[in-house]
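Here the sequence shown is numbered in the numbering used here, starting from 130 and rising by one per residue. Ideal Cβ placement from N, Cα and C applies to all residues, glycine included. What follows is one structure encoded as structure tokens, with my remarks underneath.
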Amino acid sequence: MALHKLFDRNVAWAQRKTCEDPTFFLRMAEQQSPKYLWIGCSDSRVTANDVLGLDPGEVFVQRNIANIVHTSDMNLLAVLEYAIEILKVEHVIVCGHYGCGGVQRALGRERSALVDHWLQPIVMLYRKHRAVFDAIEDMDARANRVCELNIEMQIRRVASIPIVENAWARGQSLHLHGWIYGIHDGLLRDVGPTLASIEERDALISIDQRVHRHDEPVSGVRGHAIDAFGETTETE
Ligand SMILES: [Zn+2]
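This is the structure in structure tokens:
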């Protein structure tokens, strides 16, 4: 697509928005007050607003390759601090996705680019528990299992950042969530853990222990079915 077409699409989008809601951009210009911070993968198929069905203004976003939380990442720390202390978001969601190219690369042999430094926490997790992961013969299933655990690992990291600890210590309402998105079906699944306090964080089992326990992530569709019919119903 030629670049000028993007401007045409932008004009069409802005006109459509204004038609649907004449004061939309007037409200946007005043302030943002998102309730959610999304820490997700840079993958072009996983855009926070689309996946959540939210409008501009409703979710604060930080994305990087394989949704990794490096606790020395100034970009992430600045976003996190602004989200929690100024915007006062109530939920921080780390959302990964199945079929993540970053995770697949971390499981492979190639180590020649800056991205391999970035992916190192996943590489280290994989190496440490290689016997468990390599026992999963299907390569996609193996990578997807690492995708799930990567999310759980990053939630533990978010929960250890002083910005989050301080928010909890002063009684601010702040919930952390680990979710995974299925590119193949468009559905989010809850991987966990969900945390709302230092006590809950400290009560978690370690990521090394989690490697040995696999709970099936629960989508919204399945969650509703479980609520209605009990655990045994399979709808996926
Ligand atoms: Zn990805």
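*Could you name the residues, in chain order, whose CB is less than 6 Å away from a heavy atom belonging to ligand 1?*
Per the Cβ criterion, the list is C170, D172, A195, H226, C229, G230 and G231.
*Do E281 and G311 have their C-beta atoms closer together than 8 Å?*
Not closer than 8 Å, so no.
*DSSP three-state call for L135: helix, strand or coil?*
DSSP, reduced to helix, strand and coil, places L135 within a helical segment of the structure shown.
*DSSP state of D356, grouped into three classes?*
In the structure shown, D356 sits in a helix (DSSP, three-state: H, G or I).
_Buried versus exposed, by CB contacts within 10 Å (16 or more), P163_ = By the 10 Å Cβ count, P163 comes out buried.
*Helix, strand or coil: which one does DSSP assign to N193?*
Residue state, collapsed to three classes: strand.
*Touch test, the stretch 326 to 337 against the stretch 280 to 299, Cβ-Cβ under 8 Å, three pairs minimum*: A contact exists between the stretch 326 to 337 and the stretch 280 to 299.
_Of the residues D337, E345 and G225, the one placed nearest A260, counting alpha carbons only_ = Comparing C-alpha distances from A260 to each of D337, E345 and G225 shows the shortest one belongs to D337.
*Could you check the C-alpha separation between S241 and A296 for me, to the nearest Å?*
Approximately 39 Å, taken between the alpha carbons.
*Who are the near neighbours of Q161 in its chain, counting only those whose CB is closer than 6 Å to its CB and skipping five residues on each side?*
Same-chain partners within the cutoff: G186.
_When D137, S326 and Q233 are compared against I290, the one with the closest alpha-carbon_ = Minimum Cα distance to I290 is reached at S326.
*Do you know offhand how far E345's Cα is from A272's?*
Rounded to whole angstroms, E345 to A272 spans 15 Å at the Cα level.
*Is the stretch 167 to 179 close to the stretch 248 to 266, with three or more CB pairs under 8 Å?*
Per the Cβ contact rule, the stretch 167 to 179 is not in contact with the stretch 248 to 266 (fewer than 3 Cβ pairs under 8 Å).
*Going straight from the alpha carbon of D267 to that of H199, what length do you get?*
Per the coordinates, the alpha-carbon of D267 lies some 29 Å from the alpha-carbon of H199.
*Between T152, T147, R138 and V188, which lies nearest to W167 when the distance is taken from Cα to Cα?*
The shortest Cα separation from W167 among T152, T147, R138 and V188 belongs to V188.
*Cut-off 8 Å between Cβ atoms - residues of its own chain near Q191, not counting five sequence neighbours on either side*: Taking C-beta separations shorter than 8 Å and ignoring five residues to either side along the sequence, the partners of Q191 in its chain run L166, W167, I168, G169, N204, L205, V208 and L209, following chain order.
*Out of curiosity, what's the CA-to-CA distance linking S201 and W247?*
Going by C-alpha positions, S201 is about 12 Å away from W247.
*What's the C-alpha gap between Y255 and L236?*
Straight-line Cα distance between these residues: approximately 7 Å.
*Are the Cβ atoms of L303 and V223 separated by less than 8 Å?*
No.
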